[in-house]
Amino acid sequence: MSIRITLPDGSERTMPDGVTGYDVAADIGPRLAKAAVAVTVDSAMYDLHRPIPHDATVSIITDNTEAGRHVLRHSAAHVMAQAVLELFPGSTFAIGPAIQDGFYYDFSVDAPFTPDDLERIEAKMADIVAADQPFERDELSIADALVQFEDHPFKREIIAGVDADEGVEGDTVSTYRNDAFLDLCRGPHVPSTGRLKAFQLMRSAGAYWRGDETKAQLQRIYGTAWESRKALDAYLVQLEEAAKRDHRKLGNELDLYSFPSELGSGLAVWHPKGGILRRTIEDYSRRTHMTHGYEYVVSPHVAKADLWETSGHLNFYRDGMYPVMELDGGEGKPGQEYFVKPMNCPFHILIYRARSRSYRELPLRLFELGTVYRYERSGVLHGLMRARGFTQDDSHIFTTETDLAGELQRLLDFVLMVLRDFGFDEFEADLSTRPDKYVGNVEAWKRAEEYLAASLDSADLSYQLAPGEGAFYGPKIDIHIKDAIGRRWQLSTIQVDFAQPENFGLEYATNENTRERPVMIHRALLGSVERFVGILVEHYAGAFPMWLAPVQTTVIPVADRHAEYARSVGDQLLGVGIRAHVDDADETVGEKIRRAITSKHPAVIVVGDNDVEHSTVGLRLRGEDSEQRGIPVVEAVAQLAEMARPPR
RNA sequence: GCUGGCGUAGCUCAGUUGGCCAGAGCAGCCGCCUUGUAAGCGGCAGGUCAUGGGUUCGAGUCCCAUCGCCAGCUCCA
Numbered sequence: 085m086s087i088r089i090t091l092p093d094g095s096e097r098t099m100p101d102g103v104t105g106y107d108v109a110a111d112i113g114p115r116l117a118k119a120a121v122a123v124t125v126d127s128a129m130y131d132l133h134r135p136i137p138h139d140a141t142v143s144i145i146t147d148n149t150e151a152g153r154h155v156l157r158h159s160a161a162h163v164m165a166q167a168v169l170e171l172f173p174g175s176t177f178a179i180g181p182a183i184q185d186g187f188y189y190d191f192s193v194d195a196p197f198t199p200d201d202l203e204r205i206e207a208k209m210a211d212i213v214a215a216d217q218p219f220e221r222d223e224l225s226i227a228d229a230l231v232q233f234e235d236h237p238f239k240r241e242i243i244a245g246v247d248a249d250e251g252v253e254g255d256t257v258s259t260y261r262n263d264a265f266l267d268l269c270r271g272p273h274v275p276s277t278g279r280l281k282a283f284q285l286m287r288s289a290g291a292y293w294r295g296d297e298t299k300a301q302l303q304r305i306y307g308t309a310w311e312s313r314k315a316l317d318a319y320l321v322q323l324e325e326a327a328k329r330d331h332r333k334l335g336n337e338l339d340l341y342s343f344p345s346e347l348g349s350g351l352a353v354w355h356p357k358g359g360i361l362r363r364t365i366e367d368y369s370r371r372t373h374m375t376h377g378y379e380y381v382v383s384p385h386v387a388k389a390d391l392w393e394t395s396g397h398l399n400f401y402r403d404g405m406y407p408v409m410e411l412d413g414g415e416g417k418p419g420q421e422y423f424v425k426p427m428n429c430p431f432h433i434l435i436y437r438a439r440s441r442s443y444r445e446l447p448l449r450l451f452e453l454g455t456v457y458r459y460e461r462s463g464v465l466h467g468l469m470r471a472r473g474f475t476q477d478d479s480h481i482f483t484t485e486t487d488l489a490g491e492l493q494r495l496l497d498f499v500l501m502v503l504r505d506f507g508f509d510e511f512e513a514d515l516s517t518r519p520d521k522y523v524g525n526v527e528a529w530k531r532a533e534e535y536l537a538a539s540l541d542s543a544d545l546s547y548q549l550a551p552g553e554g555a556f557y558g559p560k561i562d563i564h565i566k567d568a569i570g571r572r573w574q575l576s577t578i579q580v581d582f583a584q585p586e587n588f589g590l591e592y593a594t595n596e597n598t599r600e601r602p603v604m605i606h607r608a609l610l611g612s613v614e615r616f617v618g619i620l621v622e623h624y625a626g627a628f629p630m631w632l633a634p635v636q637t638t639v640i641p642v643a644d645r646h647a648e649y650a651r652s653v654g655d656q657l658l659g660v661g662i663r664a665h666v667d668d669a670d671e672t673v674g675e676k677i678r679r680a681i682t683s684k685h686p687a688v689i690v691v692g693d694n695d696v697e698h699s700t701v702g703l704r705l706r707g708e709d710s711e712q713r714g715i716p717v718v719e720a721v722a723q724l725a726e727m728a729r730p731p732r
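Mapping of the first sequence onto our numbering: residues 85 to 732, in sequence order.
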């Protein structure tokens, strides 16, 4: 008997019965066989040494692909669990998958792991890898499996919860054994532990069983594993690179902002250089909104409880709000309750409702740089990226339902234009649809979802559907960008809202003088100005494009006698709107240049005797190895002014 | 909020098992030098060791609480 193997390139081979993925790989070539870690048989993943049961399309998974690393990492997770169970008698284990760049395993142990424990575990893992223990697959009935794992309640819960995603096929489950260690697992795994060439444990942290904070708290250990020491080292270097870009670190080094603990967590103050950066972004935002059909409005930071009652925030969002302030109360008299705003929408709605509205005014686009405060749980705070006080480039668009599709279209074009202006050009979107708990009618939801999808299609933006992830009041689009080192950040959000116009009884007069209810769109493009600055800092590693750079040009006199000329050059730069700084400190030229470069200033001008004599400057631009000398001042000023011009 | 880790001059860090251990570099200030493209030289000043309690003859070091930071979990109308 023989079976027919089809390879990904379409070629076919006839192989003897009982052939394995490894045999196929070896038949193709020894190098492939060496790099192979698993195989796909039709759509299923198989271990390398598991016989292929029937004619199939087979492709070899090698260790230097994402799928291959996934297998390596999953196997590494097993080895880690094996080490932990050996080192910590009485401990038990829960779930241990491969994840992006690594793996983790959750354990229930007497005491949380210490850094020393991680070292011991890593050493034990190295022993297991050195022993090159084969992974052996087996299938058990559910009843047998429950007995096998009788000491491991989490595993029993998984088995009892029979789920095809967790190693369960019909009424049997698969297990993998290496040496004395047995784990419930769908596989596949590498043939033996010796294949794990490069791994490292990263950290431990608490995690809840099944991700549910009401359930048992487990101890999770994160690790990473790669196909080679070289690949692991490259990954560790990349982590260091990301750490160097950390906006909290750079914000401090570049003197942009700080988080004084006296303020309380999640609250920042902006230093002059950060202030001008922010200001530049905000000016850009206001300017582009004004030229794209928006009207600028302003609203206060607090409002009476009634407003938040009507908007539904007190019902749905109270936990995210700063607690109530009671004013004018006392002596038995109840006071007036106020809340700090967590969102701007109710204010914009009141502006809409300040007088009767006609269809002729719609779409009405109200825009505000609105500062909101949210009582984020302390554990989620993260520099500017997740703060308790932040400013949204927020707008609420009131439109007829007829115009909704066109408005969404126009909006998406606007979003992409803005993000491109800041130097982002890779986008991904999520389309979140109706959740179980929702307001409004299903038909309207459906239409809104279709309009959102259509706008994404026509903007040629690829998107992922997130079923049921919409807000209770309407579906939404979230737009993510990829930064310079490939990380994905969610920035813009566009949300359709059927609920608030209802809550506030909004209306407009139609051309037949009947009353209709407008639809609202909530949208923020940069999201929060704070977070956006954080993302820009990390994207550019602090070396901002010239139009955003807090200091755009540093002017350095060679000696004291050139200071006056340097100041006149500086004044000419200031005169054309360039943020120039004359560094006439009592230091050597080399030192002052170094200072300007490490502060990431885009341009450095040095002036000495020759320049004073000929009205020229020496110009060094960021990113260029050497300077140009003897440039006429007027030329340099014109060139820098051009470079510093905002995108629009 | 939960679990773990952490908190020593503006910044980056040293400070053995509690006992002449409160230190260094950079930044700052004051001098000298007058500089042509990534760190000139010398000096000075700067910390209630996050805060508040406690243990001890003695606490930066041990314990407790609070505040803040980090990682992860959870959350992210």
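By construction, the Cβ of each residue, glycine as well, lies at the ideal position given by its N, Cα and C atoms.
The structure displayed is predicted, hence computed values, not measured ones.
Between the alpha carbons of S175 and R607, how many angstroms are there, rounded?
Translated into the one-based positions of the first sequence, residue 175 becomes position 91. Translated into the one-based positions of the first sequence, residue 607 becomes position 523. The straight-line gap from Cα to Cα measures roughly 49 Å.
Please give me, in chain order, every unbroken run of the beta strand (DSSP E) with length at least 3 that falls completely inside the stretch 388-439.
Listed in chain order, the complete beta strand (DSSP E) runs (minimum 3 residues) inside the stretch 388-439 are 409-411 and 420-424.
Could you tell me whether the Cβ atoms of A725 and M630 are closer together than 8 Å?
Counting from 1 along the first sequence, the entry for residue 725 is found at position 641. Counting from 1 along the first sequence, the entry for residue 630 is found at position 546. Result no, Cβ atoms of A725 and M630 do not sit closer than 8 Å.
Quick check on H685: buried or exposed, where buried means 16 or more other Cβ atoms within 10 Å of its Cβ?
On the first sequence, residue 685 is found 601 positions in, with the first residue counted as 1. H685 comes out buried.
Using the beta-carbon count (16 or more within 10 Å), is D544 buried or exposed?
The residue given as residue 544 occupies position 460 in the first sequence. With fewer than 16 other Cβ atoms within 10 Å, it is exposed.
Note down, in chain order, each residue of its chain lying with its Cβ closer than 6 Å to the Cβ of A140, except the 5 sequence neighbours on either side.
Here residue 140 refers to the residue found at position 56 when the first sequence is read from its first residue. Excluding residues within five positions, the ones whose Cβ falls inside 6 Å are V125 and D126.
Does DSSP put N336 in a helix, in a strand, or in coil?
Taking the first residue of the first sequence as position 1, residue 336 is located at position 252. In this structure, N336 counts as helix in the three-state DSSP scheme.
Which stretch, first to last residue, makes up the alpha helix (DSSP H) that contains H623?
Along the first sequence, one-based indexing puts residue 623 at 539. Unbroken alpha helix (DSSP H) run through H623: V613 to Y624.
Between which two residues does the beta strand (DSSP E) harbouring F283 extend?
Numbered from its first residue, the first sequence carries residue 283 at position 199. Where F283 is concerned, the enclosing beta strand (DSSP E) stretches over A282 to Y292.
Excluding the five sequence neighbours on either side, which residues of its own chain have a C-beta within less than 6 Å of the C-beta of G335, listed in chain order?
Along the first sequence, read from residue 1 onward, the residue named residue 335 stands at position 251. Hits under 6 Å: Y341.
Which word fits P92, buried or exposed, when buried means at least 16 other C-beta atoms lie within 10 angstroms of its C-beta?
As a position in the first sequence, residue 92 is number 8, starting the count at 1. P92 should be labelled exposed.
Is it the case that the Cβ atoms of F556 and T394 are separated by a distance below 8 Å?
Within the first sequence, numbered from 1, the residue matching residue 556 stands at position 472. Within the first sequence, numbered from 1, the residue matching residue 394 stands at position 310. No; because the gap between Cβ atoms is not below 8 Å, this pair is not in contact.
Would you say P272 and D131 are within 8 Å of each other, going by their C-beta atoms?
Here residue 272 refers to the residue found at position 188 of the first sequence. Here residue 131 refers to the residue found at position 47 of the first sequence. Yes, the Cβ-Cβ distance between P272 and D131 is below 8 Å.
Compare the Cα-Cα distances from G290 to each of A300, I677 and Q284 and report the closest residue.
For the purposes of this step, residue 290 is identified with residue 206 of the first sequence, where counting begins at 1. Among A300, I677 and Q284, the Cα nearest to that of G290 is on A300.
Since E491 is in the alpha helix (DSSP H), which residue starts that stretch and which ends it?
As a first step, residue 491 is located in the first sequence; it is residue number 407 there, counting from the start. Start and end: E485 to D505.
Tell me the DSSP secondary structure of N595 in three-state form.
Taking the first residue of the first sequence as 1, we reach residue 595 at position 511. DSSP places N595 in coil when its eight states are reduced to three.
With distances taken Cα to Cα, identify the nearest neighbour of I563 among E600, E586, V603 and D514.
Within the first sequence, the letter at position 479 stands for residue 563. It is D514 whose Cα lies nearest to the Cα of I563.
Between which residues of its own chain and A687 is the CB-CB distance below 8 Å, once the five residues before and five after are set aside?
Taking the first sequence and counting its residues from 1, one reaches residue 687 at position 603. Within the same chain, A687 has close Cβ partners M630, Q636, T637, T638, L703, R704, L705, R706, L724 and M727.
If you draw a straight line from the C-alpha of P418 to the C-alpha of A537, how long is it?
For this step, residue 418 is matched to residue 334 along the first sequence. For this step, residue 537 is matched to residue 453 along the first sequence. If you take the alpha carbons of P418 and A537, they lie about 50 Å apart.
Who are the near neighbours of V456 in its chain, counting only those whose CB is closer than 7 Å to its CB and skipping five residues on each side?
As a working note, residue 456 is residue 372 in the first sequence. The residues are K425, P426, M427, N428, F474 and Q476.
From K521 to F400, what distance separates their C-alpha atoms?
For the purposes of this step, residue 521 is identified with residue 437 of the first sequence, where counting begins at 1. For the purposes of this step, residue 400 is identified with residue 316 of the first sequence, where counting begins at 1. Cα-Cα distance, rounded: 12 Å.
Does DSSP put S699 in a helix, in a strand, or in coil?
Position 615 of the first sequence, counting from 1, holds the residue named residue 699. Residue state, collapsed to three classes: coil.
Does the beta-carbon of Q579 have 16 or more other beta-carbons within 10 angstroms, so that it is buried, or is it exposed?
Numbered from its first residue, the first sequence carries residue 579 at position 495. Classification for Q579: buried.
Going along the chain, which residues of its own chain have a beta-carbon closer than 7 Å to the beta-carbon of D737, five neighbours each way excluded?
The first residue shown for the chain is 85 and the last is 732, placing residue 737 beyond what the model contains.
Just how far apart, CA to CA, sit W573 and R134?
Taking the first sequence and counting its residues from 1, one reaches residue 573 at position 489. Taking the first sequence and counting its residues from 1, one reaches residue 134 at position 50. One C-alpha to the other measures close to 41 Å.
Along the chain, where does the beta strand (DSSP E) containing T146 start, and where does it finish?
Within the first sequence, numbered from 1, the residue matching residue 146 stands at position 62. Note, T146: beta strand (DSSP E), A140 to T146.
Using CA atoms only, rank isn't needed, just tell me which of I561, W529, K530 and Q548 is closest to L500.
Counted from its first residue, the first sequence places residue 500 at position 416. Cα-wise, what sits closest to L500 is I561.
Evaluate N262 with the Cβ neighbour count: other Cβ atoms within 10 Å of its Cβ, from every protein chain shown; 16 or more gives buried, anything less gives exposed.
Walking along the first sequence from the start, residue 262 turns up at place 178. Label assigned to N262: buried.
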